Structures are given as C-alpha cells and as structure tokens.
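Numbering (the numbering used here), first residue to last: 13 to 218.
Okay, so here's the structure we're looking at.
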Amino acid sequence: MKKFLIILVVGVLGLMLLMCGGFGLLVYRAGNQPTEAKSPAEHAFDAANSQIGAFRGDVAFGNSETAKLLADDYAKLLKSTTEIAFTGGKKNSKNLAQDNVIVYCHLTDDTAVFLVNVPQLKRYKDDVRDTLAMFAWTTARATLDKHARPRKTVAVALRGDLLYGPVMKGSSDDDEPKMKGSGSTVLKNQIKPLFEPATTQPSTQP
C-alpha cells in the first residue's frame, strides 16, 4: 500500500510538471510571436498624433507651413464654435488638452487631413456628438475655403485624451461627409493610409 501511494504521488507530481511545462511553452510561444510591422503611413500617423495628445504651448501642427496655418485657424474656429454652441462641459476640467482644441493638419496636393484633440470629447453623447462632428466637418471645409484650394479628399478625426471618436471623410465639395464612422478599425482603414509617405508629399502651394 505504501509503495502504491509513493507511485501515485510521483505520478501526480510528474503530471503536474508536464502540465506546467506545457503551459510555460504556450506562454513562451505567445510572448514570442512576431508582431505585425507598422507601415510607413502608420508611423507617420503616430508621429502626427503624438503632437496633439496634450497641450504643451502650441495648438497647431502640420507637415508644412501652410498646413500649420490651416491647423491654427481650424483650432481657433472650432473652439469658438463649441464654446458658443455647447454649454454642458465643465470649465477648467482636467484634460490633457487643458481646454484647448489642438489640431494637426496633413496637407498634400490632393488631400487635407485634420486630426483634432477635442477637450472633454467623452462628454459629447449621441445627438450632441453628431452635431459636434458636423461642426468639425464644416470647420474643415471653411478653413480650406479661406486659406487653400479645394482638395479631392478631406478627412477629419476627433479624439479625446486617449481615444479617437468620430471619423469623417469626403471632399471639399461635400456638405456632409461621404463616410462617417468611429473606432480604431475605421481609423486604420480610412485615415492612416492618407499618411503614406510615397504618395503624400507636403503640398508646395495652398
């Protein structure tokens, strides 16, 4: 009986070691799976996005001087519009933008992309968020109309402290965007490809 118990204990311990070894191998393999390399467009997008994550003294950024001019005008116009149209937000609330609208404009001969950090974006819900998105789209068209020629592709993506919300895409002639969506998948498929370096040289003219 004693010999049987010893054999049983040894067998159980062996089985436990085998299971732990298999689990460890799975963890090792999972941790060492090659990650999908980012495209040049994704790297360019990430670099642009990092500039509008928090207020550091400037509210306008871009891939050219003209783009920075557009970003600055966009930031001022959308901020004044939201302050007049929306009264539900908390003034002096804690947000990385410090209550500033921060904008990056990516401008090429055919494309204008506006990445926009909207303070307290998460507070805009349902119809109010839809209204904000339309203000953001109209602001893009007005800014281009004032400072630059029309673009075949115009895109606007709104973000808060951490995450992106409404994403819109169309042309300068569209009163409403042809594409409206939200979330990381829409951002990846509709916005990030517009930053492809091979086809998005900075515009040499407004």
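Even for Gly, the Cβ is constructed at its ideal location relative to N, Cα and C.
All of these numbers come straight from a predicted model, not from anything done at the bench.
Within 8 Å, strictly: CB atoms of residue i and residue j
i    : j    : result
V113 : L90  : yes
L206 : H159 : no
R68  : A124 : no
G177 : S194 : yes
DSSP three-state assignment for residue i, whether helix, strand or coil
i    : result
R171 : strand
L133 : helix
L108 : coil
L37  : Only weak support exists for where L37 lies, its pLDDT of 40 falling under 50; the value from the coordinates is given anyway. Helix.
S62  : helix
A83  : helix
T165 : strand
K192 : strand
F98  : coil
K50  : coil
V140 : helix
T93  : helix
For residue j and residue i, the rounded distance between their alpha carbons
i    : j    : result
A152 : E54  : 22 Å
G34  : E48  : Reliability of the predicted coordinates at G34 is poor, the pLDDT of 48 falling under 50, and the value obtained from them is presented with this limitation in mind. Cα-Cα distance, rounded: 26 Å.
G36  : T120 : Low local confidence applies: a pLDDT of 46 at G36 is under 50, so the model's placement there is unreliable, and no value is given.
S183 : T155 : 13 Å
K200 : V179 : 11 Å
A59  : L170 : 16 Å
V115 : K204 : 16 Å
K88  : V128 : 12 Å
P209 : K50  : 13 Å
Q63  : V166 : 20 Å
Y86  : E77  : 14 Å
G74  : D138 : 30 Å
L108 : K181 : 26 Å
D142 : V168 : 13 Å
Check: residue i C-beta below 7 Å from any heavy atom of the ligand NAP
i    : result
M180 : Although the ligand NAP was asked about, the structure shown includes no ligands whatsoever.
Nearest candidate by alpha-carbon position, reference residue i, set the options
i    : options                   : result
Y136 : T94, A167 and T155        : T94
P131 : E77, N201, E208 and K106  : K106
C175 : V198, K50, F98 and T165   : Just to set this straight, residue 175 is Leu in the shown sequence, not Cys. Here the closest residue by C-alpha is V198.
F57  : H118, A79, D85 and R141   : H118
D173 : Q110, A87, G74 and A59    : Q110
A97  : V140, K181, V168 and K134 : V140
A79  : V168, F126 and D142       : F126
Short CB-CB distance (under 8 Å) between residue i and chain B
i    : result
A154 : You won't find chain B in this structure, because it holds only one protein chain.
At least 3 beta-carbon pairs within less than 8 Å: the segment 185-193 vs the segment 140-149: yes
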